[in-house]
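Residue numbers (my numbering): 800 to 980.
By construction, the Cβ of each residue, glycine as well, lies at the ideal position given by its N, Cα and C atoms.
Quick notes on the structure that follows.
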Amino acid sequence: GVFRTIDECVDAARTAFLEFSKMGLRGRYQIIASIRESMLAHAIDLSRDAHEETGLGRVEDKIIKNRLVTNKTPGPEVLESKAYSGDDGLTIMERAPFGVIAAITPTTNPTSTIICNTIGMVAAGNTVVFNVHPNAKRVSCRNVGLINEAIIRAGGPPNAVTAMADPTIASAQQLMRHKGV
Numbered sequence: 800g801v802f803r804t805i806d807e808c809v810d811a812a813r814t815a816f817l818e819f820s821k822m823g824l825r826g827r828y829q830i831i832a833s834i835r836e837s838m839l840a841h842a843i844d845l846s847r848d849a850h851e852e853t854g855l856g857r858v859e860d861k862i863i864k865n866r867l868v869t870n871k872t873p874g875p876e877v878l879e880s881k882a883y884s885g886d887d888g889l890t891i892m893e894r895a896p897f898g899v900i901a902a903i904t905p906t907t908n909p910t911s912t913i914i915c916n917t918i919g920m921v922a923a924g925n926t927v928v929f930n931v932h933p934n935a936k937r938v939s940c941r942n943v944g945l946i947n948e949a950i951i952r953a954g955g956p957p958n959a960v961t962a963m964a965d966p967t968i969a970s971a972q973q974l975m976r977h978k979g980v
């Protein structure tokens, strides 16, 4: 999930989105469960790595945040189709994914932001390209890798979540303007 250029990130995420679109809501339940399991298993080491790399915050607080977003970020359960009927007919409400979403992460809470954003975006059937903060790139790229491993274990496509290996302000601007997101 970690690439050298924004174009490579977006192309990989787009390919993943096309595969992911075929999975349906049931597949997303399995993927989100796998992501949650992996992120809970790695909450402590990701928190330590984030603190070590950035020098910000307290490890204990980062552990709490990682666990909180892993357990409490809404998943596919909030996206169930609904039907309403009445005197004026029938309305069916089904939410559809957007495609590839761009995301920028802070240096203050890099891992919890990636976890939260990924669960919300992937639960909705999207894929995501992260331009992480340069001061948290090692832990962020590791986090993206762990999430991709969890997605693949659950039967999802590789590169549903991608990130730049060496993010910069220029790569963030390129991502925000990219026609593929």
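Inset, instruction - Ignore the nearest five residues each way along the sequence and tell me which others in residue 829's own chain have a CB closer than 6 angstroms to its CB. - result: Excluding positions up to five away in sequence, the list reads 953.
Legend entry - Where residue 958 falls: helix, strand or coil (DSSP): Residue 958: coil per DSSP, three-state reduction.
Legend entry - Closest Cα partner of residue 992 within the set 869, 820 and 932: Since the first residue shown for the chain is 800 and the last is 980, residue 992 is missing from the structure and cannot be characterised.
Legend entry - Same chain only: Cβ atoms within 6 angstroms of residue 911, ignoring 5 sequence neighbours per side: Taken in chain order, the residues that qualify are 864, 865 and 868.
Inset, instruction - Identify every residue that forms a DSSP beta bridge with residue 899. - result: Beta-bridge partners assigned by DSSP to residue 899: 926.
Inset, instruction - Measure the Cβ-Cβ separation of residue 855 and residue 907 and say whether it is below 8 angstroms. - result: Contact annotation: residue 855 and residue 907 have beta-carbon atoms nearer than 8 angstroms.
Inset, instruction - Would you mind giving the Cβ-Cβ distance between residue 833 and residue 949, rounded to the nearest angstrom? I have them listed as a contact below 8 angstroms. - result: Residue 833 to residue 949, Cβ: 4 angstroms. Contact.
Legend entry - Distance, residue 881 Cα to residue 889 Cα: If you take the alpha carbons of residue 889 and residue 881, they lie about 11 angstroms apart.
Legend entry - Pairwise C-alpha distance: residue 946 and residue 915: Across the structure, residue 915 and residue 946 are spaced so that their CA atoms are roughly 11 angstroms apart.
Legend entry - Nearest to residue 976 (by Cα), restricted to the options 845, 928 and 835: Check the Cα spacing between residue 976 and each of 845, 928 and 835: the tightest is with 928.
Inset, instruction - Please go through the same chain and pick out, in chain order, the residues whose beta-carbon is closer than 7 angstroms to the beta-carbon of residue 938, but skip the five residues on each side of it. - result: Sequence-distant Cβ neighbours of residue 938 in its own chain, meaning closer than 7 angstroms and more than five residues away, are 845, 848, 849, 852, 909 and 910.
Legend entry - Member of 944, 824, 961 and 885 whose CA lies at the smallest distance from the CA of residue 980: Checked all of 944, 824, 961 and 885; the closest Cα to residue 980 is 961.
Inset, instruction - Kindly indicate which three-state DSSP category residue 821 falls into: helix, strand or coil? - result: In the structure shown, residue 821 sits in coil (DSSP, three-state: anything other than H, G, I, E or B).
Inset, instruction - Assign residue 945 to one of three DSSP states: helix, strand, or coil. - result: In the structure shown, residue 945 sits in a helix (DSSP, three-state: H, G or I).
Legend entry - Per-residue burial, residue 861 [other beta carbons within 10 Å of its own, 16 or more giving buried]: Residue 861 comes out buried.
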